[in-house]
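Those protein sequences? They're chains A and B, same order as listed.
Sequence positions in the first sequence follow the numbering used here and run 91 to 204.
Sequence positions in the second sequence follow the numbering used here and run 5 to 113.
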Amino acid sequence: DTAVSQTPKYLVTQMGNDKSIKCEQNLGHDTMYWYKQDSKKFLKIMFSYNNKELIINETVPNRFSPKSPDKAHLNLHINSLELGDSAVYFCASSQDGGAWWEQYFGPGTRLTVT
Amino acid sequence: KNEVEQSPQNLTAQEGEFITINCSYSVGISALHWLQQHPGGGIVSLFMLSSGKKKHGRLIATINIQEKHSSLHITASHPRDSAVYICAVSGGGADGLTFGKGTHLIIQP
C-alpha cells in the first residue's frame, strides 16, 4: 500500500504549456512538501504546506503554485513551462511541520520540457 | 541559510569494507536526516537524529551538535548498499529540508 504516491511518473511536454503533478499521501500526515531535483541530482525545497500555512522558497518562480484540495493531497501546478523546469519533482509528507518528524517521499515525477 | 557539505562526493569500495560518509552544516539545526536514493530514483529516510547516535542493522549515524557534524557509517558493506546517500537538515517549523549534494557510493563485489 503506497504511502506517498505521485502521478504521472513521467511527463514530457513542450515549452509554454501548463501542467500539473498530483501527490497523495495515505499516512494521515499534516504537512506535505514539494522538492525539485535538478540534473546534478541536487534536491531543493520548493514548498511546504500544512493546511494552515504555505511556505514558499523565495527562489521558486511564481509560475509554480501548489494546490491542496484536502489534507491528503498537494498538487503542483506549473504555468508556461520552460526548458529549465526539466527535473525530477518529489512530493513528501511528514506527521507535522516541525523538525522532529521523518519525511516520507513519493517516487518522483520526471518532467522533461522540450 | 544553512549550508550543508558532504564528503566524499564519490566513494568506491570493496564488499565488506567499513564505510564513512561525513556531513557538516553551517547553522544550528533542530534535526539532521540521512536519506538514501537508489539508482531507481526513490528516496528513503534512513535516520533522523538531533543528538548522539542511532543504529539500524549495519547502518550507524552519529551527530555532534557542538561541531555541527554528522557521520553515516556502514559496516560490512554489500553491493546492495550502492546508492546515493544524502544528508539533510531541518531548522524547525515547516520549512522543509536543506540538502547536501549527496555521496555516490559504489560497493564492488
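A virtual CB, placed ideally from N, CA and C, is assigned to each residue, including glycine.
Specify, as a first and last residue, the run of the beta strand (DSSP E) that A/Val150 falls within. The residue labelled residue 150 of chain A in the question sits at position 60 within the first sequence. Here A/Val150 belongs to no beta strand (DSSP E), and DSSP marks it neither H nor E.
With 16 other Cβ atoms within 10 Å as the buried cut-off, status of A/Asp175: Looking up residue 175 of chain A in the first sequence gives position 85. Buried.
Pull out every residue of the region 85 to 107 of chain B whose Cβ sits closer than 8 angstroms to any Cβ of chain C, in chain order. This model lacks chain C altogether; the protein chains it does include are A and B.
Within a Cβ cutoff of 8 angstroms, which residues of the same chain sit near B/Pro83, ignoring the five residues on either side of it in sequence? The residue you call residue 83 of chain B lines up with position 79 of the second sequence. Answer for B/Pro83: Glu19, Ile111, Gln112, Pro113, listed in chain order.
Beta-carbon neighbours of A/Gly198, restricted to chain B and to distances below 8 angstroms: The count along the first sequence starts at 1 and reaches residue 198 of chain A at position 108. Near A/Gly198 (Cβ distances below 8 angstroms), the residues of chain B are Gly45, Gly46, Ile47.
Counting pairs of beta carbons, one from the region 150 to 157 of chain A and one from the region 121 to 137 of chain A, are three or more of them closer than 8 angstroms? yes
Assign B/Pro83 to one of three DSSP states: helix, strand, or coil. In the second sequence, the residue the question calls residue 83 of chain B occupies position 79. Helix.
Under the DSSP definition of a beta bridge, which residues are partnered with B/Phe51? Taking the second sequence and counting its residues from 1, the one referred to as residue 51 of chain B is at position 47. B/Phe51 is bridged to B/Trp38.
Flag this pair as yes or no: are the beta carbons of B/Ile64 and B/Gly56 separated by less than 9 angstroms? Reading the second sequence from its first residue, position 60 is the one you call residue 64 of chain B. Reading the second sequence from its first residue, position 52 is the one you call residue 56 of chain B. It is not a contact, given that the beta carbons lie outside the stated cut-off.
Taking only beta-carbon positions, decide if B/Leu63 is within less than 9 angstroms of chain A. Within the second sequence, the letter at position 59 stands for residue 63 of chain B. So no, B/Leu63 is outside the interface.
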